[in-house]
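J.: Have a look at the structure that comes next, please.
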Amino acid sequence: MRKFFLALVAAALGSLALAQSGKLEIFSWWAGDEGPALQALIDLYKKRYPNVEVINATVTGGSGVNARAVLKTRMLGGDPPDSFQVHAGQELIGTWVLADRMEDLTPLFNQEGWMNRFPKGLIDLLSYKGKIYSVPVNIHRSNVMWYNPAKLREWGVQPPKTWAEFLTTCQTLKGKGLEAPLALGENWTQQHLWESVALGVLGANDYTNLWNGKLRFNDPKVVAVWNTFGRVLDCANKDASGLSWQQAVDRVLEGQAAFNIMGDWAAGYMATTKQLKPGEGFGWAPAPGTAGVFMMLSDSFGLPKGVKNRANVLNWLRLVGSKEGQDAFNPLKGSIAARTDSDPSKYNAYLQSAMRDWKSNRIVGSLVHGAVAPESFMSQFGTVMEIYLSGRNAQAASNAAQAIATQVRLGQ
Amino acid sequence: MNWLKNKDTLYGFLVILPSLVLLGIFVYGFIFQTFFTSLTDWGRDPAQALSANPQIRFIGFENYRELFTGFVDARFRQDLVNTFFFTVFFIMGCLGVGLGLAIVLDRSPKGEGFFRTIFLFPMSLSFIVTGTIWRWMLQPQGGVNQLPTLVGLPKGEFAWLTSRQQVWQVSWNDLPFITALVVSVVLVFIAIAAFRGGEQRRGFIASGSAALILLWAFTLGRTLQPLPYDEPHGFNLAFIGIILAAVWQMSGYTMALYLAGLRGIPEELREAARVDGASEWQLYQRIIFPLLAPITLSAMIILGHISLKIFDLIFAMAGADNAPTDVPALLMYLTTFRANQIAKGAAIGMILLLLVAAVIVPYLYSQLKSEVRR
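Top to bottom, those sequences are chains R and F.
Numbering that gives the first Met the number 0 numbers the first residue of the first sequence as 0 and each following residue consecutively.
Numbering that gives the first Met the number 0 numbers the first residue of the second sequence as 0 and each following residue consecutively.
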């Protein structure tokens with residue numbers, strides 16, 4: 000009997016010690032430029048819980064192209080990381096929540112009082128059947144048009160407000176000898192352009208309906224999106240597929256092109272790498288036809304079922320969602336906090352303007368960056384783009400998109 | 000149990016047993032598992048795709064049917080066509096360049112050893128390294144496109160890896176007919192060779208099957224349409240860059256093979272031919288090339304299976320998403336690990352396996368048969 004008690008006490012002591020120590024494995028694709036931001040978060044965590052050994056497991060590759068494959072083999076092999084980075088929204092829900100691999104975090108949100116701290120539009124995108132499954136750490140905006148203010152003054156044009164206006168401006172600029180007024184990069188940046196065109200042509204309501212199945216892809220409205228997209232592509236450079244997104248941004252800065260549609264990580268590139276002053280060295284406006292709408296994408300962390308260090312993960316998630324954590328991470332990452340109460344003085348001029356829009360604008364999610372469509376749709380959207388680019392047939396592309404949407408049960 | 004009494008046989012069996020078991024599990028076991036997976040609907044229902052205990056239903060050859068005739072799988076069909084053209088040009092390039100280099104080196108020029116090492120060197124690089132180097136050289140703005148400026152010409156404009164131009168387009172619906180024509184032409188050649196060699200029976204079988212296939216092609220073959228509409232597929236010019244890099248890497252290897260073959264031809268044979276008054280060209284045409292035929296066959300098999308499986312070179316040169324340079328192996332990776340369509344990815348894998356087997360198995364068969372004859 001005594002032995003039994005001793006064992007019990009030992010076990011109790013052991014579990015107490017475990018609560019504050021042990022390990023925490025963070026799986027992400029934040030290496031290279033984004034590494035310091037993640038490190039700031041990890042340092043903060045270590046300060047709070049000095050006995051926990053944090054394992055920083057990163058797999059390089061932009062947008063997680065390689066990390067996601069590694070994550071899937073680990074999850075299928077029964078070795079889930081304690082917490083992993085994932086694009087908030089359908090990329091998490093369509094792959095992992097539907098597969099019943101994630102824990103419901105709604106209690107954590109209630110406990111921490113986060114329901115009022117994050118905008119409702121964001122909570123809606125994160126939720127599946129009324130439950131929340133991940134904690135967003137940052138917000139990027141997808142529908143931004145970048146330009147070089149000095150060059151626009153020289154050409155005497157204003158940033159266009161609608162896509163129709165954009166096409167007129169494009170003709171004006173072509174008349175002034177600018178071969179390709181729109182700078183475009185490799186494959187995914189073309190899809191990135193598509194989602195801004197779609198939002199601009201359809202408007203926020205129909206754009207949202209596209210993803211919940213209320214508007215079909217072969218609807219004439221969506222065929223019109225493809226037609227506009229084709230005309231916008233005619234304004235772009237012919238060597239697009241060979242350029243990275245940075246090289247496309249460079250063309251705008253050098254005056255070889257007037258506009259570029261890219262997410263606001265471009266602001267980080269221009270402000271940090273190129274040392275340009277926001278508003279002077281580079282200017283920005285919402286993508287044509289999308290003023291008042293914030294097309295967002297977000298990185299988030301969740302809690303997989305069956306992890307070894309659950310208590311440590313919950314502490315990590317508390318930190319990730321806290322004001323302190325988000326304000327340490329985001330200025331370094333070049334994004335804004337998902338919370339609406341963060342401290343503007345820590346951010347540069349572009350990010351401050353994005354923060355104002357984040358609080359006041361209507362929020363919709365990005366397709367290419369995983370917010371509104373599951374991976375099964377998103378990765379096959381490349382095939383749709385291929386069908387369009389090879390024949391420039393808007394109807395064929397719309398039909399293919401609808402066929403894939405049906406096949407992957409989009410919006411059901 | 001007589002063989003057990005022979006101790007050597009027993010020891011021999013015990014020694015190879017571990018590798019037999021490992022091969023059985025890790026090669027053939029997984030081939031069967033992949034085949035079984037390809038017959039299921041794993042990945043169609045997003046709720047089951049990555050769940051801990053996925054519920055998988057058997058759906059027969061539905062995935063294969065979709066790949067060849069489905070509306071949204073046009074990319075797979077283009078990839079098959081890409082692989083076909085890549086394989087043909089890659090093998091032709093390697094054999095041509097390799098043979099040329101070998102003939103030059105066979106004449107023992109000055110610094111032969113030095114050049115041999117230089118030509119063979121690219122083979123020792125990994126495809127990833129080759130791909131990265133060539134990716135830089137084939138950038139539209141620089142590298143190879145700048146070469147003409149050295150001699151005062153305007154710089155090249157060709158978009159090496161991203162060109163969307165396509166030549167030699169054929170509708171997917173015409174493929175059954177064309178395949179039948181090609182097969183019957185091959186059979187006719189086999190028949191002619193058999194009749195010449197005096198193998199009457201073989202000749203009749205070959206010509207008979209050729210006639211049957213032709214009959215089918217002109218009657219039912221034209222009505223067999225996999226797709227309800229015309230879907231053109233052709234040779235993507237973007238592949239020229241990939242072929243260039245792949246030939247650069249592997250032609251040194253074919254050179255080594257040919258050089259070994261050339262050195263194996265006894266000097267007496269050449270001298271005898273020369274004494275008989277053969278010109279240099281006749282010497283190669285009548286004596287040397289026929290003797291090199293077995294080496295050509297081995298080289299074709301090795302290069303053929305490399306080109307069918309090619310993945311890393313294209314991944315490094317153009318990325319996985321660059322559709323003009325897509326091949327089935329890349330599509331398999333994207334389908335499985337990005338789109339979560341695990342069963343369909345497995346089906347692509349099985350088709351690749353079949354293609355490689357179609358190249359390898361006849362070769363192994365003929366090798367084994369000739370060994371037995373010996």
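For every residue, glycine included, the Cβ atom is placed at its ideal position computed from N, Cα and C.
Any C-beta of chain R sitting closer than 8 Å to the C-beta of F:S170?
T.: On the second sequence, residue 170 of chain F is found 171 positions in, with the first residue counted as 1. Output row for F:S170: interface = no.
J.: Applying the 10 Å Cβ sphere with the 16-neighbour rule, what's the burial state of F:Q47?
T.: Along the second sequence, read from residue 1 onward, the residue named residue 47 of chain F stands at position 48. Buried.
J.: Identify every residue that forms a DSSP beta bridge with R:F26.
T.: In the first sequence, the residue the question calls residue 26 of chain R occupies position 27. R:F26 pairs with R:A56, R:F83.
J.: Go ahead and pull the three-state DSSP assignment for R:A239.
T.: Along the first sequence, one-based indexing puts residue 239 of chain R at 240. Of the three classes helix, strand and coil, the one that applies to R:A239 here is helix, per DSSP.
J.: Output the boundary residues of the beta strand (DSSP E) element that contains R:N259.
T.: For the purposes of this step, residue 259 of chain R is taken as residue 260 along the first sequence, with counting starting at 1. It spans 258-260 - the beta strand (DSSP E) in which R:N259 sits, taken as one unbroken run.
J.: Using a Cβ cut-off of 8 Å (strictly closer), state whether F:S50 contacts chain R.
T.: Residue 50 of chain F sits at position 51 when you count from the first residue of the second sequence. Yes - at least one Cβ of chain R is within 8 Å of the one on F:S50.
J.: Under a three-way DSSP split, which group does F:V166 fall into?
T.: Position 167 of the second sequence holds residue 166 of chain F. Residue state, collapsed to three classes: strand.
J.: Taking only beta-carbon atoms, is R:V407 less than 8 Å away from chain F?
T.: In the first sequence, counting from the first residue as 1, residue 407 of chain R sits at position 408. So yes, R:V407 belongs to the interface.
J.: What does F:D320 reach in chain R if we use C-beta pairs closer than 8 Å?
T.: If you number the second sequence from 1, residue 320 of chain F lands on position 321. In chain order: E185, N186, W187, G381.
J.: Can you pull the chain R residues whose beta carbon is under 7 Å from the beta carbon of F:V187, in chain order?
T.: Translated into positions along the second sequence, residue 187 of chain F becomes position 188. Here the premise fails: no neighbours, minimum Cβ distance about 36 Å.
J.: Give the straight-line distance between the Cα atoms of F:Y10 and F:G28, rounded to the nearest whole angstrom.
T.: Position 11 of the second sequence holds residue 10 of chain F. Position 29 of the second sequence holds residue 28 of chain F. About 26 Å.
J.: Do R:D263 and R:H139 have their C-beta atoms within less than 8 Å of each other?
T.: Locating residue 263 of chain R in the first sequence gives position 264, where the first residue counts as 1. Locating residue 139 of chain R in the first sequence gives position 140, where the first residue counts as 1. A contact, by the Cβ cut-off of 8 Å.
J.: Give me whichever residues DSSP pairs with R:V363 in a beta bridge.
T.: Start at 1 with the first residue of the first sequence, and residue 363 of chain R comes out as number 364. According to DSSP, R:V363 bridges with R:M294.
J.: Are any of the Cβ atoms in chain C nearer than 8 Å to that of R:M295?
T.: The structure shown has no chain C; the protein chains it does contain are R and F.
J.: Assuming contact is defined by CB atoms lying nearer than 8 Å, are R:L151 and R:C169 in contact in what I supplied?
T.: Counted from its first residue, the first sequence places residue 151 of chain R at position 152. Counted from its first residue, the first sequence places residue 169 of chain R at position 170. No, the pair does not count as a contact, with Cβ atoms beyond the cut-off.
J.: So what's R:K130 in DSSP terms, helix, strand or just coil?
T.: Residue mapping note: residue 130 of chain R aligns to position 131 of the first sequence, counting from 1. Note: R:K130 maps to strand in three-state DSSP.
J.: Give the DSSP-derived three-state secondary structure of R:I403 in the structure shown.
T.: Here residue 403 of chain R corresponds to residue number 404 of the first sequence, with the count starting at 1. Helix at R:I403.
J.: Nearest by alpha-carbon distance to R:W145: which of R:R73, R:P106, R:I260, R:N115 is it?
T.: By one-based count along the first sequence, residue 145 of chain R stands at place 146. Minimum Cα distance to R:W145 is reached at R:I260.
J.: So which residues of chain R does F:N339 contact, with C-beta pairs closer than 7 Å?
T.: The residue you call residue 339 of chain F lines up with position 340 of the second sequence. Those within 7 Å of F:N339 in chain R are T94, E374, S375.
J.: Taking the alpha carbon of R:D103 as the point to measure from, which residue in R:A36, R:L121, R:Y132 has its own alpha carbon closest?
T.: Stepping through the first sequence from its first residue, residue 103 of chain R is reached at position 104. Nearest option by C-alpha distance: R:Y132.
J.: Would you mind giving the Cβ-Cβ distance between R:A266 and R:G364, rounded to the nearest angstrom? I have them listed as a contact below 8 Å.
T.: Translated into positions along the first sequence, residue 266 of chain R becomes position 267. Translated into positions along the first sequence, residue 364 of chain R becomes position 365. In fact, because the Cβ distance is near 20 Å, the residues do not count as touching under 8 Å.
J.: Checking contacts by CB at 8 Å: is R:E385 closer than that to chain F?
T.: For the purposes of this step, residue 385 of chain R is taken as residue 386 along the first sequence, with counting starting at 1. Chain F contact via Cβ: present.
J.: Can a CB atom of chain R be found closer than 8 Å to the CB of F:A292?
T.: Locating residue 292 of chain F in the second sequence gives position 293, counting from the first residue. With 8 Å as the cut-off, F:A292 does not count as an interface residue toward chain R.
J.: Quick check: is any heavy atom of the ligand FMN less than 7 Å from the C-beta of F:V326?
T.: In terms of ligand content, the structure shown is empty, and the ligand FMN therefore cannot be addressed.
J.: Can you check whether the CB of R:W225 is closer than 8 Å to the CB of R:Y413?
T.: No statement about residue 413 of chain R is possible, as the shown extent of chain R runs from 0 to 411 and does not include it.
J.: Between the Cα of R:W283 and the Cα atoms of R:D233, R:A239, R:A348, which residue gives the shortest distance?
T.: Here the question's residue 283 of chain R lines up with position 284 in the first sequence. Comparing Cα-Cα distances from R:W283 to each of R:D233, R:A239, R:A348, the minimum goes to R:A348.
J.: From the DSSP output, which residues share a beta bridge with R:Y146?
T.: Within the first sequence, numbered from 1, the residue matching residue 146 of chain R stands at position 147. Answer by DSSP bridge pairing, in chain order: R:F258, R:G282.
J.: Does the Cβ-Cβ distance between R:V200 and R:G291 come in under 8 Å?
T.: Counted from its first residue, the first sequence places residue 200 of chain R at position 201. Counted from its first residue, the first sequence places residue 291 of chain R at position 292. For R:V200 and R:G291, no; Cβs fall outside 8 Å.
J.: In terms of alpha-carbon separation, which member of R:R317, R:A370, R:F293, R:T405 lies closest to R:N416?
T.: Since the first residue of chain R shown is 0 and the last is 411, residue 416 of chain R is not available in this structure.
J.: How about F:I294 and F:G260: do their beta carbons lie closer than 8 Å?
T.: Taking the second sequence and counting its residues from 1, the one referred to as residue 294 of chain F is at position 295. Taking the second sequence and counting its residues from 1, the one referred to as residue 260 of chain F is at position 261. Yes, Cβ-Cβ distance for F:I294 and F:G260 is below 8 Å.
J.: Note down the Cα distance separating R:D78 from R:A404, rounded to an integer number of angstroms.
T.: To locate residue 78 of chain R, count along the first sequence from 1; it is residue 79. To locate residue 404 of chain R, count along the first sequence from 1; it is residue 405. Each residue's alpha carbon lies about 31 Å from the other.
J.: So which residues on chain F does R:L75 lean against when the C-beta distance must stay under 8 Å?
T.: To locate residue 75 of chain R, count along the first sequence from 1; it is residue 76. In chain order: L49.
J.: Which residues, in order along the stretch 65-90 of chain F, keep a beta-carbon less than 7 Å from a beta-carbon of chain R?
T.: Taking 7 Å as the Cβ-Cβ cut-off against chain R, the residues of the stretch 65-90 of chain F that qualify are F70, V71, A73, R74.
J.: Does F:I305 come out as helix, strand or coil in the three-state DSSP assignment?
T.: Working through the second sequence from its first residue, we reach residue 305 of chain F at position 306. Note: F:I305 maps to helix in three-state DSSP.
J.: Using a cut-off of 7 Å between C-beta atoms, extract the partners of F:L146 located in chain R.
T.: If you number the second sequence from 1, residue 146 of chain F lands on position 147. The contacting residues do not exist; F:L146 stays about 17 Å from chain R at best.
J.: Does the stretch 122-129 of chain F come close enough to the stretch 307-316 of chain F to have 3 or more Cβ pairs within less than 8 Å?
T.: Enough Cβ pairs lie closer than 8 Å, so yes.
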